[in-house]
Amino acid sequence: MKLRERSADLVMFLAVFATSTGSIFAKAANAPSLTVAAYRVGLASLVLVPTAFMFRRDEIRSLSSRDWKDTVLSGTALAIHFASWISSLSFISVASCVVLVNTAPLWVAIMAPFLTGERINGKTAAAIAVAISGAVIIGWGDFSSGSEGWKGDLLAVLGAITMAIYLLLGRRVREKVSLLSYVSVCYGTAAVLLWVVVLIGPYRAWGFSSGTWWAFWGMAIIPQLLGHSAYNWALRWVSPSVVSVVLLGEPVCSSVMALFLFGEPLGLKTITGGCLILIGVHMAQRAKKDL
Numbered sequence: 093m094k095l096r097e098r099s100a101d102l103v104m105f106l107a108v109f110a111t112s113t114g115s116i117f118a119k120a121a122n123a124p125s126l127t128v129a130a131y132r133v134g135l136a137s138l139v140l141v142p143t144a145f146m147f148r149r150d151e152i153r154s155l156s157s158r159d160w161k162d163t164v165l166s167g168t169a170l171a172i173h174f175a176s177w178i179s180s181l182s183f184i185s186v187a188s189c190v191v192l193v194n195t196a197p198l199w200v201a202i203m204a205p206f207l208t209g210e211r212i213n214g215k216t217a218a219a220i221a222v223a224i225s226g227a228v229i230i231g232w233g234d235f236s237s238g239s240e241g242w243k244g245d246l247l248a249v250l251g252a253i254t255m256a257i258y259l260l261l262g263r264r265v266r267e268k269v270s271l272l273s274y275v276s277v278c279y280g281t282a283a284v285l286l287w288v289v290v291l292i293g294p295y296r297a298w299g300f301s302s303g304t305w306w307a308f309w310g311m312a313i314i315p316q317l318l319g320h321s322a323y324n325w326a327l328r329w330v331s332p333s334v335v336s337v338v339l340l341g342e343p344v345c346s347s348v349m350a351l352f353l354f355g356e357p358l359g360l361k362t363i364t365g366g367c368l369i370l371i372g373v374h375m376a377q378r379a380k381k382d383l
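Count the sequence shown with the numbering used here and you get residues 93 to 383, in order.
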């Protein structure tokens, strides 16, 4: 079991770096936000779904009605997560969005007893508090004051809530279902929903430059296939509360990447908040054995 836990720790921290590239690829893609999200899970599904039906066809067919329901709901939550937080950037700043979306551990703690029956111990609660305080510092003073800023705030909070639902439902399904079967149905559901919105809405869906296509495939392979799938693998062995706190490392890594790739400076608040987030992640890892 200790070897499995150590493997989960390593996988989660590698997943942080993988998922942190999502914002980098999104910035490089010259396309509408919802189109970027649709291509992210759509291209990933093009790889996963045929593979799953080759190697996990019998398992997928034998899924119980509850497993199907939970997996489809998880995919729906993932689609809403991408759609809401990306759309929030039209109304509020990136920093404000990061702060609100990164309240996911709080929502996991609130909903976990109802969806998975798991209780949050005191050490994990303290880790959540420290990590979220770091996220607040990063975005402090940068909240939108525009007349429509509240719309962006609500969308970002919706992104946090749906991320929590996605992780909690994933935990419930992953206890019984293999990773390939779960992510193929989950990502496939998200892809179908997002593409329906893109195709019926006023969103450009094709005719992009080669650089944007590279960004689409980069998002599909690195943050989605590798990053999110790594988190979903870990959910079989690790509490969603711990996984959600580890996710808070993403904005820290993204900020460092943006510094080197785009020359975006790291301010004192970003550095201070980033340190608190990393401390919270470390605390959550130490508290994991008490869960």
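Every residue gets a Cβ at the ideal spot worked out from N, C-alpha and C, and that includes glycine.
Remember, predicted model here, so these are calculated numbers, not experimental data.
Residue burial classification, residue i (beta-carbon count within 10 angstroms, cutoff 16)
i: serine 99; result: exposed
i: proline 294; result: exposed
i: tryptophan 199; result: buried
i: glutamate 267; result: exposed
i: glycine 303; result: exposed
Distance CB(residue i)-CB(residue j) smaller than 8 Å
i: isoleucine 90; j: lysine 361; result: Outside the modelled stretch of the chain, which goes from 93 to 383, sits residue 90, for which no answer is possible.
i: glycine 372; j: valine 337; result: yes
i: valine 277; j: threonine 143; result: no
i: histidine 320; j: threonine 111; result: yes
i: arginine 132; j: alanine 376; result: no
i: valine 289; j: leucine 126; result: yes
i: alanine 256; j: leucine 340; result: no
Pairwise C-alpha distance: residue j and residue i
i: histidine 173; j: threonine 364; result: 27 Å
i: lysine 161; j: glycine 262; result: 11 Å
i: alanine 120; j: glycine 355; result: 14 Å
i: aspartate 245; j: methionine 146; result: 43 Å
i: serine 236; j: alanine 248; result: A caution first: serine 236 carries a pLDDT of 46, below 50, which makes its placement in the model unreliable, though a value can still be read off. C-alpha separation (whole angstroms): 12 Å.
i: threonine 287; j: alanine 201; result: Reading off the sequence shown, one finds tryptophan at residue 287, where the question assumed threonine. Looking at the two C-alpha atoms, the distance is approximately 31 Å.
i: tyrosine 323; j: phenylalanine 105; result: 9 Å
i: tryptophan 309; j: lysine 243; result: 30 Å
i: phenylalanine 300; j: proline 124; result: 11 Å
i: tryptophan 41; j: isoleucine 212; result: The structure shown has nothing for residue 41, since the chain only spans 93 to 383.
i: phenylalanine 393; j: alanine 218; result: The structure shown does not extend to residue 393, since the chain spans only 93 to 383, so no value can be given for it.
i: valine 330; j: threonine 254; result: 19 Å
i: leucine 140; j: leucine 353; result: 30 Å
i: leucine 370; j: alanine 297; result: 38 Å
i: alanine 196; j: alanine 252; result: 5 Å
i: phenylalanine 117; j: leucine 272; result: 24 Å
i: alanine 171; j: aspartate 150; result: 26 Å
The alpha helix (DSSP H) enclosing residue i, as first and last residue numbers
i: proline 205; result: 196-207
i: phenylalanine 308; result: 302-311
i: lysine 268; result: Note, lysine 268: premise wrong, no alpha helix (DSSP H); not H, not E.
i: tyrosine 323; result: 321-326
Residue i (DSSP reduced to helix, strand or coil)
i: asparagine 122; result: coil
i: tryptophan 177; result: helix
i: arginine 153; result: helix
i: leucine 340; result: coil
Residue i beta carbon near the ligand NAD (any heavy atom closer than 7 Å)
i: glycine 299; result: No copy of the ligand NAD appears in this structure; indeed no ligand is present at all.
Any chain C beta carbon closer than 8 Å to residue i
i: isoleucine 178; result: The chain inventory of the structure shown lacks chain C, comprising one protein chain alone.
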